Structures are given as structure tokens and as C-alpha cells.
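Read the structure below first, then the notes.
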Amino acid sequence: MTAAKNAVRDEVWRSLLAAGVVPLDSYGKIPAYDGADRAADRLATLQEWQRAETVKANPDRAQFDVRLRALRDGKRLYMAVPRMAAKQPFILLEPALIDSIEDAAAKDGAVRHGRPVDVDAIEQIDIVVAGSVAVDRNGTRIGKGAGYSDLEMALLTEAGLITYQTMIVTLVHHLQITTEPIPESDHDFPVDYVITPSEIISCPRRRRPTGVMWDHLTTERIDAIPALRRAHRTGRKPDL
Numbered sequence: 478m479t480a481a482k483n484a485v486r487d488e489v490w491r492s493l494l495a496a497g498v499v500p501l502d503s504y505g506k507i508p509a510y511d512g513a514d515r516a517a518d519r520l521a522t523l524q525e526w527q528r529a530e531t532v533k534a535n536p537d538r539a540q541f542d543v544r545l546r547a548l549r550d551g552k553r554l555y556m557a558v559p560r561m562a563a564k565q566p567f568i569l570l571e572p573a574l575i576d577s578i579e580d581a582a583a584k585d586g587a588v589r590h591g592r593p594v595d596v597d598a599i600e601q602i603d604i605v606v607a608g609s610v611a612v613d614r615n616g617t618r619i620g621k622g623a624g625y626s627d628l629e630m631a632l633l634t635e636a637g638l639i640t641y642q643t644m645i646v647t648l649v650h651h652l653q654i655t656t657e658p659i660p661e662s663d664h665d666f667p668v669d670y671v672i673t674p675s676e677i678i679s680c681p682r683r684r685r686p687t688g689v690m691w692d693h694l695t696t697e698r699i700d701a702i703p704a705l706r707r708a709h710r711t712g713r714k715p716d717l
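Take the sequence shown: its letter number 31 is residue 508 in our numbering, and every next letter is one higher.
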């Protein structure tokens, strides 16, 4: 399945680069595509967005515009620390406490304007913005392949912060939408909406991660992520 997913990633990255709609260094990354600001504006037309108080997003450049939109709309924003490498793996951004919204929406700026928090300090999440390399019209998505988004979602689900009431969306260029179904692993999570600069696609399935799949993780992987290491050490999870 890994080879099949990598083939999809390769095709999408090459298509985006050939079309000239992403920076030249985009291969291997979540694509920061032309029109991302329009996709964020389109997301903001959804009633679920307008009702939401709390948004979780990734630190990729591709999500800059949606992070900016969330802060401008007065929403509490949680941004994951890259690779979940910090003892407190999320940064909380409170719009009322920020003097430069645009700077705070950037990955480096978020560190200056936000406050590091652990999972147990996070409030209920209304919307998750998932970064994607590719997605199909059923809502199955794949990222870069490192698996950090899946782990973030699993930890937040185990903490009761992501539920069936949480809306999951991904914002992409239309070239990132595949015509064939994307292979799906047990730890993958689908999205409820796929949003492009010109389209909102409502996906038919609604499934949430069940929590951390410890038997999918090596000891080295657990030890490299402080939040995982703490969760595993509590004894609530099965030993590897």
C-alpha cells in the first residue's frame, strides 16, 4: 500500500510543478498552491466554520491562509509543533491577545505570538484543517507520508477533543484531487469537505480515528515524540 500511495504523491507533485501553480521546491511537501487564499475564503462560507470557535491546523506553508482566516475571524487556533517534537506539542493562538495577526499565522510567527500547550490543556476542537498532498472525492486523503497528522488526530481523539461532531476539511488545488480512489490504511482519517479555490465537495463518509494504534508504532517512534512517550508510559495503553 505504501508504494501505491507514493505513486499517487509523485503524480500529484509532478502535475502541480508542471502546471506552475506551486513553488519549485514543492516536491515532497504539502503543496502551497496558487489560490489558497480563495480556498480559505470559500471555507469561511460554510455554516460549520461560522459557528466554530476552535480550529486546529498544521504548520505547513500551505495552511497559512486558512490559519490567517481563522485568526481574523476571531477563532481560537491550535497549531501543531512540527514533528510533534516539543514537550508541549501544540501552540495556542488567541486572536484577542495578538497584535499582528498576519505574523502570528506564519509558522515562525506562531511561536512568537502563541503559547505552547499539551494535549490536556486543549479545548474541544470544532474544525480540523488537514494538510494533504492528494485527496479523492470520497474524502480519503494522504499527506507527505511521515504520519504526524495521523498521530496528532489519534492523540486528540483519545483525549475526547475530536469527535463525530468535529468537522474535518482539507484545502487543495484541483490538481490534487485524484480521479481514482486513494488506498486507505487503518490509521488514515477521511475528511468531510474537500475545498478548492473554486469548489466545495461534500464527502459521503464520516469516520473518525479510533485513537493511537500502538502496534503500528516502533519504540523509536514513540520515544521521539514526548506526547506519545508520556501516553504510553501511563500504562493505559498496551505494551509493544
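Think of the CB as a built atom: it goes at the ideal place given N, C-alpha and C, for glycine as much as any other residue.
Keep in mind it's a predicted model, so treat the numbers as computed, not measured.
Check residue i in the structure and name its three-state DSSP category.
i: M690; result: coil
i: R618; result: strand
i: K584; result: helix
i: Y494; result: First, the amino acid is wrong: residue 494 is Leu here, not Tyr. If DSSP states are grouped into helix, strand and coil, L494 belongs with the helices.
i: I507; result: coil
i: D716; result: Reliability of the predicted coordinates at D716 is poor, the pLDDT of 35 falling under 50, and no value is obtained from them.
i: E721; result: In this structure the chain extends from 478 to 717, so residue 721 is not present and cannot be described.
i: K482; result: helix
i: V612; result: strand
i: S679; result: strand
i: F666; result: coil
i: A534; result: strand
i: R707; result: helix
Kindly list the residues whose CB is nearer than 6 Å to the CB of residue i, restricted to its own chain and excluding five residues on each side of it in sequence; keep chain order.
i: S492; result: L652
i: G512; result: P674
i: T531; result: R553, E600, I602, D603
i: K584; result: P536
i: G551; result: P572
Going by alpha carbons, who is nearest to residue i out of the options?
i: M561; options: I702, H709, D669; result: I702
i: A607; options: L520, G586, L705, P658; result: L520
i: R706; options: L632, R549, F666; result: L632
i: P660; options: R614, P536, P559; result: R614
i: A547; options: A529, E488, E697, A598; result: A529
i: S539; options: P500, D550, C680; result: Correcting the residue identity first, residue 539 is Ala in this sequence and not Ser. Nearest option by C-alpha distance: P500.
i: P658; options: C680, V543, R698; result: C680
i: V671; options: K482, H590, L523; result: L523
Spatial neighbours of residue i within its chain, please: CB distance less than 8 Å, with the 5 preceding and 5 following residues excluded, ordered by chain position.
i: S503; result: W490, L493, L494, A509
i: A484; result: none
i: E635; result: G688, V689, A708
i: K714; result: For K714, the pLDDT reaches just 44, beneath the cut-off of 50, and the residue's location in the model is therefore unreliable, leaving the point undetermined.
i: D580; result: G586, R589, H590
In terms of residues, what are the limits of the beta strand (DSSP E) holding residue i?
i: V499; result: Here V499 belongs to no beta strand (DSSP E), and DSSP marks it neither H nor E.
i: M556; result: 553 to 557
i: P593; result: 592 to 594
i: T647; result: 644 to 648
i: L570; result: 567 to 570
If I'm right that residue i touches residue j with Cβ under 8 Å, what's the distance once you round it to whole angstroms?
i: V612; j: T647; result: 6 Å
i: P593; j: I568; result: 6 Å
i: P667; j: G624; result: Not a contact, Cβ separation roughly 16 Å.
i: D669; j: M644; result: 5 Å
Check for me: the alpha helix (DSSP H) holding residue i runs from which residue to which?
i: Y670; result: Y670 -> not in any alpha helix (DSSP H); beta strand (DSSP E) instead, spanning 670 to 673.
i: A631; result: 625 to 635
Apart from the five residues on each side of it in sequence, which residues of its chain come closer than 7 Å, Cβ to Cβ, to residue i?
i: R515; result: P674
i: G620; result: I507, G608, S609, V610, S626
i: A480; result: none
i: A582; result: F541, R544, L545, L548
i: P559; result: P536
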